[in-house]
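Novice:
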Amino acid sequence: MDEILSLIESIFSEGSLIKMVLGNPRKKSLPYKKAVLRPVMIKDVPMFQAEYHYEKKVFTENYDREAAISLICELITEDFKNIDIFTENNDFQILASKPDNPRIVKRAATKDASCRREEHDRQKNRIIPEGKPCAFLTRLGVMDAEGNVYKKYYSKYRQINRYLEILSDVEDHLPKDLIRVIDFGCGKAYLTFAIYYYLHEIKGRKVDIIGLDLKDDVIDFCNSVAADLGYDRLNFMKGDIADFTADGADMVVTLHACDTATDYSLINAVRWNAQVILSVPCCQHELFRQIEDEVEDPILKHGIIKDKFTELLTDGLRGLKLEEAGYKVQMTEFTTLEHTSKNIMIKAVKTGLRGDKRSRKAVREYEALVQRYKVSPTIDRL
Numbered sequence: 051m052d053e054i055l056s057l058i059e060s061i062f063s064e065g066s067l068i069k070m071v072l073g074n075p076r077k078k079s080l081p082y083k084k085a086v087l088r089p090v091m092i093k094d095v096p097m098f099q100a101e102y103h104y105e106k107k108v109f110t111e112n113y114d115r116e117a118a119i120s121l122i123c124e125l126i127t128e129d130f131k132n133i134d135i136f137t138e139n140n141d142f143q144i145l146a147s148k149p150d151n152p153r154i155v156k157r158a159a160t161k162d163a164s165c166r167r168e169e170h171d172r173q174k175n176r177i178i179p180e181g182k183p184c185a186f187l188t189r190l191g192v193m194d195a196e197g198n199v200y201k202k203y204y205s206k207y208r209q210i211n212r213y214l215e216i217l218s219d220v221e222d223h224l225p226k227d228l229i230r231v232i233d234f235g236c237g238k239a240y241l242t243f244a245i246y247y248y249l250h251e252i253k254g255r256k257v258d259i260i261g262l263d264l265k266d267d268v269i270d271f272c273n274s275v276a277a278d279l280g281y282d283r284l285n286f287m288k289g290d291i292a293d294f295t296a297d298g299a300d301m302v303v304t305l306h307a308c309d310t311a312t313d314y315s316l317i318n319a320v321r322w323n324a325q326v327i328l329s330v331p332c333c334q335h336e337l338f339r340q341i342e343d344e345v346e347d348p349i350l351k352h353g354i355i356k357d358k359f360t361e362l363l364t365d366g367l368r369g370l371k372l373e374e375a376g377y378k379v380q381m382t383e384f385t386t387l388e389h390t391s392k393n394i395m396i397k398a399v400k401t402g403l404r405g406d407k408r409s410r411k412a413v414r415e416y417e418a419l420v421q422r423y424k425v426s427p428t429i430d431r432l
C-alpha cells in the first residue's frame, strides 16, 4: 500500500490525473458497484469529485486533495479489488485482490488530456447557466448583477435547475396554447418564478401562474418582485391548500407542503384534471399515528424506523391513488441528500383513464396496503 500511496500522491502532485475507476467489489453486499474519481474546479478551487454508482442512481461527493487520497486508500483496501488510473502521461492498473500484496501495471496513455473536466461548474449544461445574469435570481438574492451565484445559495441554484430539468421532461404534456399553473405553498417562490421564467421567457409559452401561500408578507413581497420584473401573468394569493378553489389548472406543483397539505394539493389537481403534477412531499406524519402490523411491529417499535417507513408508505399510497385516477407516476430524486432529506418528487402525467387496466390494478394494490397496515390516509378522499 505504500507503493500505491506514493503513486497516487505523485499523480496528484503533477496534476496529470484524468480519472480513476474503482471496480470489482470485494463483497456482494457493497451497495455501490463502482466508484469514479475525477479532478474538478469548484468556484475556482481544485477539488476531486467521487461518483458512487448504485444500481439505479449515482451519488457524488467532493473532496480536497488529502481527503481524496485517504478515500482512495480506504476504497482499495476495504471495498474494491481493482483501480484503473488514467493520466495524461500513462495509464496504471492496480490489482489488489490481496490488499497486502497489490500489483501495479503501467501502460501508455490511452486518453487525451482534453478529457479532463477542469471546469466542473461550467460544463454542467444547466437551463439557467452561471455567469449569465438572470433577473429573477438577482432579485431573489441568488445571483449578483454579473450572474455569479452567491456561495450560500448554490444549493438553491442547483435545486432550481434540477426542477426545470424535470419540467422540461413533461412540457410536451401541457397545452399548446395557455398553460395554467398553480403552486401550492409557494413560500418565497424561487420555483414559481423559475417556472414562469422557463415557460414564458425561455420557451415563449403563454402562461397564467398562481402562487399560493398563507403569509401576507410573502405574498406582498412576491407580487412586488413579479411587478418589478414585468411578469404580468404571475400572481400570488393568500389561501389554504385544503379549501382553495379555482376554475382549473393544467399543472399543479408543490414543494414541501407539510403532511396532509400535499394530499389536498393532489386531490385538487385530480379534480381539475391537471395534466402534470410535480409534488415534493414533506413531514408525512399522518400514518405514523395510525399504522398497525403484527409482522412489522418488531421494527416499527423504533421511532426513527417507523418514521421513515410511514413516509415511504404515505408516498407509495399517494402514487397508487394517482395511478387509479389515470396518471403515470414516477418517484424521482429531486435534489441531492446534502440539500434536504425530503428529496423524493412525485411526478405524475395524465396518460390514462380511471377504470382502465392500470387504474384497476392500482385500486387492488392500494386496498391491500391500507388493509394490511390498518391506515386511513387523507389521500383516500381522492
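Just so you know, the sequence shown maps onto residues 51 to 432 in this note's numbering.
Built from N, CA and C at the ideal position, the CB exists for glycine as well.
Cutting at 6 angstroms between CB atoms, please list the residues of its own chain near Y377, excluding the five before and the five after it.
Specialist: Residue 377 sits at position 327 when you count from the first residue of the sequence shown. A398 and K400.
Novice: Relative to the C-alpha of N175, which residue among A158, R212 and V199 is closest?
Specialist: Residue mapping note: residue 175 aligns to position 125 of the sequence shown, counting from 1. Ranking A158, R212 and V199 by Cα distance to N175 puts R212 first.
Novice: Could you say which of E344, I317 and T360 lies nearest to E335 if we only look at CA atoms?
Specialist: Along the sequence shown, read from residue 1 onward, the residue named residue 335 stands at position 285. In the sequence under discussion, the amino acid at residue 335 is His, which differs from the Glu named in the question. The candidate whose alpha carbon is nearest that of H335 is T360.
Novice: With a cut-off of 8 angstroms on the beta carbons, I'd call D134 and V71 a contact; round off their distance for me.
Specialist: Position 84 of the sequence shown, counted from the start, is the residue given in the question as residue 134. Position 21 of the sequence shown, counted from the start, is the residue given in the question as residue 71. Yes, D134 and V71 are in contact; Cβ-Cβ is about 5 angstroms, under 8 angstroms.
Novice: Report all residues from its chain with a CB closer than 6 angstroms to the CB of G298; omit the five preceding and five following residues, and keep chain order.
Specialist: By one-based count along the sequence shown, residue 298 stands at place 248. Cβ within range, chain order: W322.
Novice: Where does L387 sit, in a helix, a strand or coil, going by DSSP?
Specialist: Position 337 of the sequence shown, counted from the start, is the residue given in the question as residue 387. The predicted model places L387 with a pLDDT of 40, which falls under 50 and marks its position as unreliable; any figure quoted below should be read in that light. The answer is coil: DSSP assigns L387 none of H, G, I, E or B.
Novice: Hey, out of H352, Y248 and D270, whose CA is closest to S216's CA?
Specialist: Position 166 of the sequence shown holds residue 216. The residue you asked about is not Ser; residue 216 is Ile in the sequence shown. Ranking H352, Y248 and D270 by Cα distance to I216 puts Y248 first.
Novice: Suppose contacts are defined by Cβ-Cβ distances below 8 angstroms. Is L241 in contact with I210 by that definition?
Specialist: Walking along the sequence shown from the start, residue 241 turns up at place 191. Walking along the sequence shown from the start, residue 210 turns up at place 160. For L241 and I210, yes; Cβs fall inside 8 angstroms.
Novice: Who are the Cβ neighbours of I232 in its own chain at under 6 angstroms, not counting the five residues just before and after it?
Specialist: Reading the sequence shown from its first residue, position 182 is the one you call residue 232. Contacts found: I260, A299 and V302.
Novice: Can you tell me which residues form a DSSP beta bridge with H103?
Specialist: Stepping through the sequence shown from its first residue, residue 103 is reached at position 53. In DSSP, H103 forms a bridge with K84 and V108.
Novice: With DSSP collapsed to three states, give me the class of D282.
Specialist: Counting from one through the sequence shown, the residue named residue 282 turns up at place 232. Per DSSP, reduced to three states, the secondary structure at D282 is coil, with no helix or strand assignment.
Novice: Please state whether DSSP places D171 in a helix, a strand or coil.
Specialist: Residue mapping note: residue 171 aligns to position 121 of the sequence shown, counting from 1. A caution first: D171 carries a pLDDT of 42, below 50, which makes its placement in the model too unreliable to give a value.
Novice: Applying the 10 Å Cβ sphere with the 16-neighbour rule, what's the burial state of I252?
Specialist: In the sequence shown, counting from the first residue as 1, residue 252 sits at position 202. Flag for I252 reads exposed.
Novice: When we look at the beta-carbon of D266 and count the other beta-carbons within 10 Å, is it buried (16 or more) or exposed?
Specialist: Sequence index remark: in the sequence shown, residue 266 carries index 216 (1-based). By the Cβ-count criterion, D266 is exposed, with fewer than 16 other Cβ atoms from all chains shown falling within 10 Å of its own Cβ.
Novice: Under the three-state reduction of DSSP, which class applies to R189: helix, strand or coil?
Specialist: Along the sequence shown, read from residue 1 onward, the residue named residue 189 stands at position 139. Helix at R189.
Novice: Out of P89, I396, K371 and E53, which has the shortest C-alpha to C-alpha gap to L145?
Specialist: For the purposes of this step, residue 145 is taken as the residue at position 95 of the sequence shown. Minimum Cα distance to L145 is reached at E53.
Novice: With a threshold of 16 other CB atoms inside 10 Å of the CB of G65, please say whether the residue is buried or exposed.
Specialist: Along the sequence shown, read from residue 1 onward, the residue named residue 65 stands at position 15. Taking all protein chains shown into account, G65 has fewer than 16 neighbouring C-beta atoms within 10 Å of its C-beta and is therefore exposed.
Novice: When we look at the beta-carbon of I291 and count the other beta-carbons within 10 Å, is it buried (16 or more) or exposed?
Specialist: As a working note, residue 291 is residue 241 in the sequence shown. Buried: at least 16 other Cβ atoms inside 10 Å.
Novice: Quick check: does the Cβ of E196 come within less than 7 angstroms of any heavy atom belonging to the ligand PLP?
Specialist: Summarising the ligand content, the structure contains no ligands, and the ligand PLP is consequently not present.
Novice: At 3 residues or longer, and completely inside the region 287-363: list those beta strand (DSSP E) runs for me, N to C.
Specialist: 301-308 and 326-332
Novice: When you compare the region 338-357 with the region 365-380, are there three or more beta-carbon pairs, one atom per stretch, that lie closer than 8 angstroms?
Specialist: no
Novice: Could you check if K106 is buried or exposed, using at least 16 other CB atoms within 10 Å of its CB as the buried criterion?
Specialist: To locate residue 106, count along the sequence shown from 1; it is residue 56. K106 should be labelled exposed.
Novice: Taking DSSP's pairing of strands, which residues face A398 in a bridge?
Specialist: Walking along the sequence shown from the start, residue 398 turns up at place 348. Under DSSP, A398 takes part in a beta bridge, and its partners are I327 and V379.
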